[in-house]
Structure formats: structure tokens, C-alpha cells
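Take the sequence shown: its position 183, counted from the start at 1, is 165 in this note's numbering, and no numbers get skipped.
Quick reminder that beta carbons are idealized off the backbone N, C-alpha and C, glycines included.
Here the structure is a predicted model, which means the values were calculated and not measured.
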Amino acid sequence: MKAITLTDSQDPTSLALAETPTPELRDGEVLVKVHAAGVNRGDLLQAKGHYPPPPGASEIIGLECSGVIEDPGTTDRDRGEKVACLLAGGGYADYVAVPEGQLLPIPEGYSFTEAASIVEVACTVWSNLGMLAGLKEGQTVLIHGGAGGIGTFAIQLCKQLGANVAVTAGTSEKLETCRELGADILINYREQDFSEELKGRCDVILDIMGAKYLRQNLRSLAEDGQLIIIGLQGGVKTEINLGALLPRRLSVRGTTLRARSVEGKAEVVRSTAEHVWPLLADARISHHIHTVLPLSEAAQAHALLGSGEVTGKIVLEVDA
């Protein structure tokens, strides 16, 4: 099969199609013929050598895809079944082996390309804001990077949960996109201090920045507020006054989806299918695709995502 590989381990932009062995199935896995694969920041980090796959997972980049079951292996699935897949790796390829518990149906009315754009974001947002934080109607949630792949999905889901949604973004155009998706409070982080705007008001914060925003995030939290850190784009180390947490009973929680066990991912997928997929089927939540490129242009896709100019998701079409 063909897959995207790094031709130079010292150059994260050296992504090119190459012949690689077709995955061998383990017990409980199916072989999926990939039609489309979503592009995520974790993919960029892996190409740079900073986000290796879990032990035993494919070394090929790609955390989500959609396609057709080619070989059901030892499972009871059907050959030819259309599926969307949450992956620990392997999506940038013709074929990928997927544990059965990480398969989702294609949302009603969605193409393969559209389905590949929402698996990772849907599972990430729901597992953190729905399953972990238990976001409730009437609460205020702050979403950093509101115009990105995670953000554009999170805004819509949070509005469906009845939350008041604040977002940060770096341009008026991106903030306008957030407003159109339902965001209530728009903050340009280049011009405004979000902690001044939201001091003591946020019940939940979904953070992709890490160290850079930690103090401001804590200042923004309401009593019993939860800070959920899912990314470290702003660094990994900083100092805080722990005394700021105790009087307001604040929680700081760090999570990642990729490192979960197969059983843990299966539970996330099951819950996402139950609670989020119906919202996609009747268009209460929609995908937000920035652009679509052929798999052979994975390097260009990574460069575009890394530029900061993307609103929503980039998708690679494998059979374009």
C-alpha cells in the first residue's frame, strides 16, 4: 500500500507517498480502506518528533479517517461497511487497522470527506466537556482557539448543551466565524486580556495553550471552576501560586485522547456516538472544513495548518 512517510527524519516537512506494508490485523481489529483522513495538530507534532504514537500503534501519521471495511478480521462487522475511525495512528495511508471499538458509523448525510473531518474533534470535545467536565445548561465555557478544528466544533456542541460560550481568536475574521457558529463572547487575544474580560466568570475552560495561559485561565475561573488542558502550544512549564486554587476550589486537569487505552478510546467513541452523532445527523452541529487536498499533498496541508491561517479542518482525500 501507499502511505505518507518522512523521507528525512530531521525534516518534518519531508512528507511523501511511499510503498509500505499493509497492516496485519490483530484480534478485534478490522482493515479499513481509507477514503479520507483529517489533519490535526498532533500530526504536525508527530512529524516534528514531539508526539510519538503509543506503544504498538502504527508509526504512520493520522489520527482519524473514514472509509470502507476491507477485511472484518475476527469481528462480526461486514466487508463493505462504511465507517469513520478514531485512530492512534495510521490514517495517512491506503489502509489502516482499527480496533472495532474505535469505529463509528458515517453520520447520516455525510460524505467520507466530511466524516473524516469530525471524528477527532468530536471525540476530543465530548470526552472533555461532556464526559469529564459535565458541562451544564447555563454554565459559561471559554474555548481557546475558537476558530480552529477543535474550537469550531466545541462552540456548536456547547451551545447545544445550553452553555454560554466565550472564545479567543486572533483576527476579526476568525471571531466572526465564531459568532456565526454561536459564540456569545468574542475576545481578540491580540488586543484584549481575556482574564480581564472574564475574571471569575468561567465554569469550564478548554485550553490548548498550556503554560502561557495558566495564570490568566485560573483568574478567569469561577468558584468550583475546571480548567481542562488538552494542548501545550504555549509551553509546558510555568509557576503559579497554588493559594489561588484553594479558596475558589479550582481544578486543573490535563488530558489527551491518543494515549488512552483501547478500552478507554472505545468508551469515548461509544459515548460520542450516543450523544453527538444525533446532533450531526439532524444538522444541529455541522462540520467546518477549511480545505481539501489529495493525500500526496500532506506536506502542504501541514504547512497550511502550521501557518495559523486555517479556520476549521483540513482533510486529505486518499482516493482523489
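#1: Per DSSP, Ala19 is paired with what?
#2: Flag this pair as yes or no: are the beta carbons of Ala263 and Gly91 separated by less than 8 Å?
#3: Skipping 5 residues on each side, what residues in its chain have a beta carbon closer than 7 Å to that of Thr4?
#4: At which residues does the alpha helix (DSSP H) containing Asn110 begin and terminate?
#5: Tell me whether the region 145 to 153 and the region 223 to 233 touch, counting them as touching only if at least three CB pairs, one residue from each stretch, are closer than 8 Å.
#6: Would you mind listing the beta strand (DSSP E) stretches within the region 228 to 295 that are 3+ residues and don't spill past its ends, in chain order?
#7: Shortest alpha-carbon distance to His17 belongs to which of Pro(-6), Gly49, Leu200?
#8: Enumerated in chain order, which unbroken segments of the beta strand (DSSP E) with a length of 3 residues or greater are wholly contained in the region 121 to 162?
#9: Should Val65 go down as buried or exposed, given a rule of 16 or more other Cβ atoms within 10 Å for buried?
#10: Report the residue from Glu279, Lys295, Ala79 whose alpha carbon sits nearest the alpha carbon of Leu(-12).
#11: Going by CA-CA distance only, name the one from Glu82, Tyr195, Ile(-14), Glu173 that's closest to Val12.
#12: Spell out the partners DSSP gives Ala(-2) in its beta bridges.
#13: Between the C-alpha atoms of Lys30 and Ile190, what's the straight-line distance to the nearest angstrom?
#14: Which residues bound the alpha helix (DSSP H) around Ala98?
#15: Nearest by alpha-carbon distance to Val342: which of Val107, Gly20, Thr(-5), Ser(-4) is it?
#16: Can you confirm whether the region 193 to 209 touches the region 232 to 242 when touching is taken to mean that 3 or more C-beta pairs between the two stretches lie within less than 8 Å?
#17: Within 10 angstroms of its Cβ, does Leu228 collect 16 or more other Cβ (buried), or is it exposed?
#18: Could you tell me whether the region 236 to 250 touches the region 127 to 145, using the rule of 3 or more Cβ pairs below 8 Å?
#19: Within its chain, find whatever has a CB closer than 8 Å to the CB of Ala204; leave out the 5 residues flanking it on each side and keep chain order.
#20: How far does the alpha helix (DSSP H) with Leu200 in it reach, from first residue to last?
#21: What separation, rounded to the nearest whole angstrom, lies between the Cα atoms of Ser177 and Leu157?
#22: Measuring CB to CB, does Thr254 end up less than 8 Å from Cys140?
#23: Rounded to whole angstroms, how far is the Cβ of Glu102 from the Cβ of Asn22, which I believe are closer than 8 Å?
#24: In whole angstroms, give me the CA-to-CA distance for Gly133 and His270.
#25: Indicate whether Ser40 and Gly62 have their beta-carbon atoms separated by less than 8 Å.
#26: Consult DSSP for Gly55 and reduce its assignment to one of helix, strand or coil.
#27: Determine the DSSP secondary structure at Glu63, reduced to helix, strand or coil.
#28: What is the DSSP secondary structure of Asp25, reduced to helix, strand or coil?
#29: On the premise that Val107 lies in contact with Ala136, defined as a C-beta separation below 8 Å, what is that separation, rounded to the nearest angstrom?
#30: With a CB to CB cut of under 7 Å and the five nearest residues on each side skipped, what residues in its chain are close to Leu7?
In brief:
#1: Start at 1 with the first residue of the sequence shown, and residue 19 comes out as number 37. Ala19 is bridged to Cys47, Leu298.
#2: As a first step, residue 263 is located in the sequence shown; it is residue number 281 there, counting from the start. As a first step, residue 91 is located in the sequence shown; it is residue number 109 there, counting from the start. Yes; because the gap between Cβ atoms is below 8 Å, this pair is in contact.
#3: Along the sequence shown, read from residue 1 onward, the residue named residue 4 stands at position 22. If we look at Thr4 and ignore the five residues flanking it on each side, its Cβ neighbours are Met(-17), Tyr77.
#4: For this step, residue 110 is matched to residue 128 along the sequence shown. Per DSSP, Asn110 lies in no alpha helix (DSSP H) segment and is marked neither H nor E.
#5: Verdict: no, contact absent.
#6: Taken in chain order, the complete beta strand (DSSP E) segments of 3 residues or longer contained in the region 228 to 295 are 233 to 236, 271 to 276.
#7: Counted from its first residue, the sequence shown places residue 17 at position 35. Here the closest residue by C-alpha is Gly49.
#8: As far as the region 121 to 162 is concerned, its whole beta strand (DSSP E) runs of at least 3 residues are 122 to 125, 146 to 151.
#9: Stepping through the sequence shown from its first residue, residue 65 is reached at position 83. It is buried - the Cβ of Val65 has at least 16 other Cβ atoms within 10 Å.
#10: Counting from 1 along the sequence shown, the entry for residue -12 is found at position 6. Proximity to Leu(-12) across Glu279, Lys295, Ala79 peaks at Glu279, based on C-alpha coordinates.
#11: Here the question's residue 12 lines up with position 30 in the sequence shown. Of the residues Glu82, Tyr195, Ile(-14), Glu173, the one whose Cα lies closest to the Cα of Val12 is Glu82.
#12: Numbered from 1 along the sequence shown, position 16 holds the residue referred to as residue -2. DSSP lists Thr(-13) as partners of Ala(-2).
#13: Within the sequence shown, residue 30 is the residue found at index 48, counting from 1. Within the sequence shown, residue 190 is the residue found at index 208, counting from 1. Roughly 18 Å between the two C-alpha positions.
#14: Numbered from its first residue, the sequence shown carries residue 98 at position 116. Here the alpha helix (DSSP H) through Ala98 covers 94 to 98.
#15: Residue 342 falls outside the range modelled here, since the chain spans only -17 to 302, and no answer is possible.
#16: These segments touch.
#17: Taking the first residue of the sequence shown as 1, we reach residue 228 at position 246. Exposed, because fewer than 16 other Cβ atoms sit within 10 Å of the Cβ of Leu228.
#18: The region 236 to 250 vs the region 127 to 145: no contact.
#19: Residue mapping note: residue 204 aligns to position 222 of the sequence shown, counting from 1. Around Ala204: Thr122, Gly182, Arg183, Cys184, Asp185, Arg230.
#20: For the purposes of this step, residue 200 is taken as residue 218 along the sequence shown, with counting starting at 1. Counting along the chain, the alpha helix (DSSP H) containing Leu200 begins and ends at 196 to 202.
#21: Position 195 of the sequence shown holds residue 177. Position 175 of the sequence shown holds residue 157. Distance between the alpha carbons of Ser177 and Leu157: 17 Å.
#22: Counting from 1 along the sequence shown, the entry for residue 254 is found at position 272. Counting from 1 along the sequence shown, the entry for residue 140 is found at position 158. Between Thr254 and Cys140, the CB-CB gap reaches or exceeds 8 Å.
#23: To locate residue 102, count along the sequence shown from 1; it is residue 120. To locate residue 22, count along the sequence shown from 1; it is residue 40. Approximately 5 Å separates the beta-carbon atoms of Glu102 and Asn22; this is inside 8 Å, confirming the contact.
#24: By 1-based counting over the sequence shown, the position of residue 133 is 151. By 1-based counting over the sequence shown, the position of residue 270 is 288. Annotation: Gly133 to His270 spans about 10 Å, alpha carbon to alpha carbon.
#25: Within the sequence shown, the letter at position 58 stands for residue 40. Within the sequence shown, the letter at position 80 stands for residue 62. When the beta-carbon positions are compared, Ser40 and Gly62 stay at least 8 Å from each other.
#26: What you label residue 55 is simply residue 73 of the sequence shown in a count that begins at 1. Reduced to three states, the DSSP call for Gly55 is coil.
#27: Walking along the sequence shown from the start, residue 63 turns up at place 81. Reduced to three states, the DSSP call for Glu63 is coil.
#28: On the sequence shown, residue 25 is found 43 positions in, with the first residue counted as 1. DSSP places Asp25 in helix when its eight states are reduced to three.
#29: The residue given as residue 136 occupies position 154 in the sequence shown. The residue given as residue 107 occupies position 125 in the sequence shown. Right, their Cβ atoms sit about 5 Å apart.
#30: Here residue 7 refers to the residue found at position 25 when the sequence shown is read from its first residue. So the qualifying residues of the chain are Leu13, Asp53, Gly55, Ala79.
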